[in-house]
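Peer 1: Position in the sequence shown (from 1) plus 2 gives the number in this note's numbering. Positions of the beta carbon are idealized from the N, C-alpha and C atoms, including for glycine. Please see the structure below; I have some questions.
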Amino acid sequence: DTAPLAEKCALRIDHHGSSTPFAEGELVDPESASCAELVWDVLEAAGVTMDKAIAEAVYVGVSTDTGCFRYSNTTAHTFATAAQCAGAGARVYELNQELFETNTLGRLRMQAWIVDHMKLLKGGEMAIVAIPKSVEEEIGVTGDDMDNISSFPRTVAGVCMAATLREIKEGDVKLSVRAIPG
Numbered sequence: 003d004t005a006p007l008a009e010k011c012a013l014r015i016d017h018h019g020s021s022t023p024f025a026e027g028e029l030v031d032p033e034s035a036s037c038a039e040l041v042w043d044v045l046e047a048a049g050v051t052m053d054k055a056i057a058e059a060v061y062v063g064v065s066t067d068t069g070c071f072r073y074s075n076t077t078a079h080t081f082a083t084a085a086q087c088a089g090a091g092a093r094v095y096e097l098n099q100e101l102f103e104t105n106t107l108g109r110l111r112m113q114a115w116i117v118d119h120m121k122l123l124k125g126g127e128m129a130i131v132a133i134p135k136s137v138e139e140e141i142g143v144t145g146d147d148m149d150n151i152s153s154f155p156r157t158v159a160g161v162c163m164a165a166t167l168r169e170i171k172e173g174d175v176k177l178s179v180r181a182i183p184g
């Protein structure tokens with residue numbers, strides 16, 4: 003529950019134009035690929051000296067929101083922000099390895115389960131999978147293991163759109179849809 007924190011916020015910084023306002027001040031730019039880019043711009047405008055810790059935090063936000071710069075929302079400003087992070091000392095290689103090149107056994111087992119259970123529709127252009135909570139418990143995945151798992155079925159060659167239905171708790175299902183532009 004973020005309600006107690008919301009009343010203490012003076013400025014909401016976001017790149018999701020559809021999110022609900024909760025602060026007196028708003029800096030929302032739906033054209034931005036990541037919230038972290040906006041944070042960097044605000045810190046820069048405020049004259050903050052960018053140290054390694056800030057650079058790494060911003061780099062993580064930029065790279066994760068853009069799928070390591072693979073998503074269509076990535077812009078020249080996104081790359082410029084990442085370059086400034088690297089210039090301020092962010093360990094870009096190490097962070098990329100940790101974020102995008104390392105998996106737990108639980109995550110890999112869940113991905114294998116998804117491959118075995120997803121349905122391909124429209125001649126392989128669409129993938130759909132439903133993940134019961136009992137499967138997550140049986141495999142022993144953590145919340146981190148399941149982070150962004152909905153993007154995985156979209157990585158199958160030929161799939162343009164993927165839908166993942168994930169049982170969060172008894173009676174509650176989260177639907178996530180991922181698609182290529184167009």
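1. On the CB-based measure, 16 or more other CB atoms within 10 Å of its CB, does Phe-154 come out buried or exposed?
2. Would you call the CB atoms of Ala-35 and Thr-76 closer than 8 Å?
3. Going by DSSP in three states, Val-175 sits in which element: helix, strand or coil?
4. State yes or no: is the C-beta of Ile-116 within less than 8 Å of the C-beta of Arg-168?
5. By Cβ distance, which residues of its chain are closer than 7 Å to Ala-57, with the 5 residues on each side in sequence left out?
6. Are Asn-161 and Met-112 close, meaning C-beta to C-beta below 8 Å?
7. In the DSSP assignment, find the beta strand (DSSP E) that holds Lys-121 and state where it starts and stops.
8. Tell me the DSSP secondary structure of Glu-127 in three-state form.
9. CB Cys-37 to CB Asp-16, shorter than 8 Å?
10. Ends of the alpha helix (DSSP H) at Met-52?
11. Under a Cβ-count criterion, where at least 16 other Cβ atoms within 10 Å of its own Cβ denotes burial, should Ser-136 be classed as buried or exposed?
12. Report the rounded CA-to-CA distance for Asp-149 versus Ser-74, giving the unit in angstroms.
13. For Asn-200, which of Ala-84, Met-120 and Ile-151 has the nearest alpha-carbon?
14. If you count every other CB in all the chains shown that lies within 10 Å of the CB of Thr-68, and 16 or more means buried, which is it?
15. Verify the CB distance criterion: does Arg-111 have a CB-CB separation below 8 Å to chain B?
16. Is the distance from the Cβ of Arg-180 to the Cβ of Ala-159 below 8 Å?
17. Expressed to the nearest angstrom, what Euclidean distance is found between the alpha-carbon atoms of Thr-106 and Glu-172?
Peer 2: So, to answer that:
1. It is buried - the Cβ of Phe-154 has at least 16 other Cβ atoms within 10 Å.
2. Yes, the Cβ-Cβ distance between Ala-35 and Thr-76 is below 8 Å.
3. Judged by DSSP in its simplified three-state form, Val-175 adopts strand.
4. In this structure, Arg-168 does not lie closer than 8 Å to Ile-116 by Cβ.
5. So the list reads Cys-87, Ala-90, Gly-91 and Ala-92, once near-sequence residues are dropped.
6. Note that residue 161 is Val in the sequence shown here, rather than Asn. Taking C-beta atoms as the reference points, Val-161 and Met-112 fail to come closer than 8 Å.
7. Counting along the chain, the beta strand (DSSP E) containing Lys-121 begins and ends at 121-123.
8. Reduced to three states, the DSSP call for Glu-127 is coil.
9. Judged by their CB atoms, Cys-37 and Asp-16 are nearer to each other than the 8 Å cut-off.
10. Note, Met-52: premise wrong, no alpha helix (DSSP H); not H, not E.
11. Flag for Ser-136 reads exposed.
12. The straight-line gap separating the alpha-carbon atoms of Asp-149 and Ser-74 is approximately 20 Å.
13. The first residue shown for the chain is 3 and the last is 184, placing residue 200 beyond what the model contains.
14. Thr-68 counts as buried, since at least 16 other C-beta atoms from the protein chains shown sit within 10 angstroms of its C-beta.
15. Among the chains of the structure shown, chain B does not appear; only one protein chain is present.
16. The answer is no: Cβ separation not under 8 Å.
17. Approximately 26 Å between the Cα atoms of the pair.
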